[in-house]
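Trainee:
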Amino acid sequence: MTAPSPTPLTPEAARDLQNMIGAEIGPGLSERELDAVEARFGFRFSADHRVFLAAGLPHGSRSWPDWRNGDPEDLAERLSQPVEGVLFDVEHNGFWHPSWSPKPSGTSEALQVARSELAAVPQLVPVYSHRYLPGTAGEWGHPVLSVHQTDIIFYGNDLADYVRHEFTGRASTLPARATVDFWSYFVHGGPGTDVATPVPHTPYAVTAQEAVESLRMLALERLIGRLHHPYQLIEAGLTALVLDVETESLPLLAGLSRTEHQCAAALFDKVLAELGLTEVLPADDTGIPWEAARWELVHWWLRLIANGSLAPGAGGDLIRYEGWGALGRPRSPRPLVDRVDAYNDWDRIRRGTREQLAGPIVAEAERLLTGPWPPLSGEQQPTELADC
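The sequence shown maps to residues 83 to 470 in this note's numbering.
(1) If you follow the beta strand (DSSP E) that F236 is in, where does it begin and where does it stop?
(2) Is the distance from the Cβ of L241 to the Cβ of D130 below 7 Å?
(3) Relative to the C-alpha of L309, which candidate in L300, I316 and E317 has its C-alpha closest?
(4) Is it right to say D326 is buried, meaning 16 or more other beta carbons lie within 10 angstroms of its own, or is it exposed?
(5) Mind checking whether P208 and P216 have CB atoms under 7 Å apart?
(6) Could you have a look at L111 and say whether DSSP puts it in helix, strand or coil?
(7) Compare the C-alpha of Q314 against each of L335, L305, E328 and V324 and name the closest.
(8) Run through the DSSP bridge pairs and tell me what L206 is partnered with.
(9) With H, G and I counted as helix, E and B as strand and the rest as coil, what does DSSP make of E106?
(10) In whole angstroms, what is the alpha-carbon distance linking G453 and E378?
(11) Which residues does DSSP list as the beta-bridge partners of H141?
(12) Give a yes or no on whether the C-beta atoms belonging to P394 and A440 are separated by under 7 Å.
(13) If we call anything under 7 Å between Cβ atoms a contact, is C472 one with L354?
(14) Should L386 go down as buried or exposed, given a rule of 16 or more other Cβ atoms within 10 Å for buried?
(15) May I ask which residues mark the beginning and end of the beta strand (DSSP E) holding H283?
(16) Can D156 and T232 be called in contact, C-beta distance under 7 Å?
(17) Grouping DSSP H, G and I as helix and E and B as strand, with all else coil, what is V229?
(18) DSSP three-state label for D117, please.
(19) Per DSSP, what kind of secondary structure is W428 in: helix, strand or coil?
(20) I'd like to know whether the C-beta atoms of T329 and E356 end up nearer to each other than 7 Å.
(21) Considering Q314, what are the terminal residues of the alpha helix (DSSP H) in which it resides?
(22) Are the CB atoms of I107 and P154 nearer to each other than 7 Å?
(23) How long is the line joining the alpha carbons of A290 and L320, rounded to whole angstroms?
(24) Does the structure place the segment 163–183 close enough to the segment 115–131 that three or more beta carbon pairs sit under 8 Å?
(25) Quick check: what's the CA-CA separation for K185 versus L392?
(26) Would you kindly work out how many angstroms separate the C-alpha atoms of V422 and A121, rounded to a whole number?
(27) Can you give me the C-alpha to C-alpha distance between L323 and L332, rounded to a whole angstrom?
(28) In chain order, what are the residue ranges of uninterrupted alpha helix (DSSP H) at least 4 long that sit wholly in the segment 337–367?
(29) With distances taken from CA atoms, which of L135, A318, P415 and S183 is nearest L349?
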């Protein structure tokens, strides 16, 4: 999306904003000043962050970075804090991101690998105190993150929503969504699983009908924007082939070698079309993106948790992110979300009590599966779905 053009604040608007945020509002940064800050410190402001700073520059408060007259060492330290916080948890709290290469046994070697991995992650740029926006040049609308080491949460759906939240206590009721690689792990996946990665489930189908259902669910996951490893599509095809599902392209999908993985997605689409699944996928026709598809997927993920095909923590994180949050936080799944939050609590992890909390997630999954679907609540009306 294209960011709006910056409009300088009127004196009245500046006074109102000054009273609200507890800082002085000076003239906005010019394009030349913004470019100079980026060049000096080696990062890029997002488009909406540039508009915000061009309209008026908050200063005179330790919490607001003063990009015009601030101490360069202080500004550099603020920029480095997100990465240094992760490194601190690598050194002192045993943190290791699942996408990194295997963790070396020695602390100094682990820190060296972690620092190298972190050099490639998207830059976070301070907005206020320890609130940060991704530094993505030309982009706008990213959520604002509250960052303290690896304790990272949403603090606003976007920059405007964040300012309302931070300084008036009012924020959007819409669920925020992680938009930047790496940091999304901490926001939603946390210590459970990186929800941006493919769903780590074990195939469970033992009948042709279940094999076709698995193909449909993978199609629904792709429909809502989730990724898959090529081997997952091939594995689903092989399972269907073994269980006597018949289509022209299925043997080709199931027989792909490692060097042919780039063909998996195209052959998977052909298999879907040959089974008639493409024509009956739910439409995106409500105010919530892919609402019907998400309800159907949540039901499937609950079943995978209940039958042991999906780890409770990983599945719970996924349902919290793609289901409960994206569907407007309906009441019925809330107990499951609470169990997932308890499972991901850092204090419990440090005490070694985390695995004791996996059972309650499974119990909540089983409870939800016994009721009507989608769950009936005051917030969510039933939607006609295919039997899943």
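Built from N, CA and C at the ideal position, the CB exists for glycine as well.
Remember, predicted model here, so these are calculated numbers, not experimental data.
Mentor: For this structure:
(1) Taking the first residue of the sequence shown as 1, we reach residue 236 at position 154. Run containing F236: D233 to G238, per the beta strand (DSSP E) assignment.
(2) On the sequence shown, residue 241 is found 159 positions in, with the first residue counted as 1. On the sequence shown, residue 130 is found 48 positions in, with the first residue counted as 1. Closer than 7 Å, so yes.
(3) Counted from its first residue, the sequence shown places residue 309 at position 227. For the set L300, I316 and E317, the Cα lying nearest the Cα of L309 is the one of L300.
(4) Position 244 of the sequence shown, counting from 1, holds the residue named residue 326. Exposed, because fewer than 16 other Cβ atoms sit within 10 Å of the Cβ of D326.
(5) Position 126 of the sequence shown, counted from the start, is the residue given in the question as residue 208. Position 134 of the sequence shown, counted from the start, is the residue given in the question as residue 216. Taking 7 Å as the cut-off, the beta carbon of P208 is found no closer than this to the beta carbon of P216.
(6) Walking along the sequence shown from the start, residue 111 turns up at place 29. Note: L111 maps to coil in three-state DSSP.
(7) In the sequence shown, counting from the first residue as 1, residue 314 sits at position 232. Ranking the options by Cα distance to Q314, first place goes to L335.
(8) Your numbering for residue 206 matches position 124 in the sequence shown. According to DSSP, L206 shares a beta bridge with P216.
(9) To locate residue 106, count along the sequence shown from 1; it is residue 24. In the structure shown, the three-state DSSP call for E106 is strand.
(10) In the sequence shown, the residue the question calls residue 453 occupies position 371. In the sequence shown, the residue the question calls residue 378 occupies position 296. Straight-line spacing of the CA atoms in G453 and E378 works out to 14 Å.
(11) Residue 141 sits at position 59 when you count from the first residue of the sequence shown. Bridge partners of H141 according to DSSP: E106.
(12) Numbered from 1 along the sequence shown, position 312 holds the residue referred to as residue 394. Numbered from 1 along the sequence shown, position 358 holds the residue referred to as residue 440. Yes, they are a contact pair.
(13) Any answer about residue 472 is impossible in this case: the structure gives the chain only from 83 up to 470.
(14) One-based indexing of the sequence shown puts residue 386 at position 304. L386 should be labelled buried.
(15) For the purposes of this step, residue 283 is taken as the residue at position 201 of the sequence shown. DSSP places H283 outside any beta strand (DSSP E), giving it a letter other than H or E.
(16) Taking the first residue of the sequence shown as 1, we reach residue 156 at position 74. Taking the first residue of the sequence shown as 1, we reach residue 232 at position 150. No, the Cβ-Cβ distance between D156 and T232 is not below 7 Å.
(17) Here residue 229 corresponds to residue number 147 of the sequence shown, with the count starting at 1. DSSP places V229 in strand when its eight states are reduced to three.
(18) Residue numbering aside, residue 117 sits at position 35 when the sequence shown is read from its first letter. For D117, the secondary structure class from DSSP, reduced to helix, strand or coil, is helix.
(19) Your numbering for residue 428 matches position 346 in the sequence shown. Legend: pLDDT at W428 = 47, less than 50; position of this residue unreliable, value from coordinates given subsequently. In this structure, W428 counts as helix in the three-state DSSP scheme.
(20) Locating residue 329 in the sequence shown gives position 247, where the first residue counts as 1. Locating residue 356 in the sequence shown gives position 274, where the first residue counts as 1. The Cβ-Cβ distance between T329 and E356 falls below 7 Å.
(21) Here residue 314 refers to the residue found at position 232 when the sequence shown is read from its first residue. It spans P312 to V324 - the alpha helix (DSSP H) in which Q314 sits, taken as one unbroken run.
(22) Here the question's residue 107 lines up with position 25 in the sequence shown. Here the question's residue 154 lines up with position 72 in the sequence shown. No, the Cβ-Cβ distance between I107 and P154 is not below 7 Å.
(23) Locating residue 290 in the sequence shown gives position 208, where the first residue counts as 1. Locating residue 320 in the sequence shown gives position 238, where the first residue counts as 1. Cα atoms of A290 and L320: separation of roughly 12 Å, rounded to the nearest angstrom.
(24) As far as the Cβ criterion goes, the segment 115–131 does not touch the segment 163–183, which means the pair count is below three.
(25) Within the sequence shown, numbered from 1, the residue matching residue 185 stands at position 103. Within the sequence shown, numbered from 1, the residue matching residue 392 stands at position 310. So the alpha carbons of these two residues sit roughly 24 Å apart.
(26) Counting from one through the sequence shown, the residue named residue 422 turns up at place 340. Counting from one through the sequence shown, the residue named residue 121 turns up at place 39. Taking the straight line joining both Cα atoms gives about 42 Å.
(27) Taking the sequence shown and counting its residues from 1, one reaches residue 323 at position 241. Taking the sequence shown and counting its residues from 1, one reaches residue 332 at position 250. Rounded to the nearest whole angstrom, the CA to CA distance from L323 to L332 is 7 Å.
(28) Whole alpha helix (DSSP H) segments, 4+ residues: 346–356.
(29) Residue mapping note: residue 349 aligns to position 267 of the sequence shown, counting from 1. Nearest option by C-alpha distance: A318.
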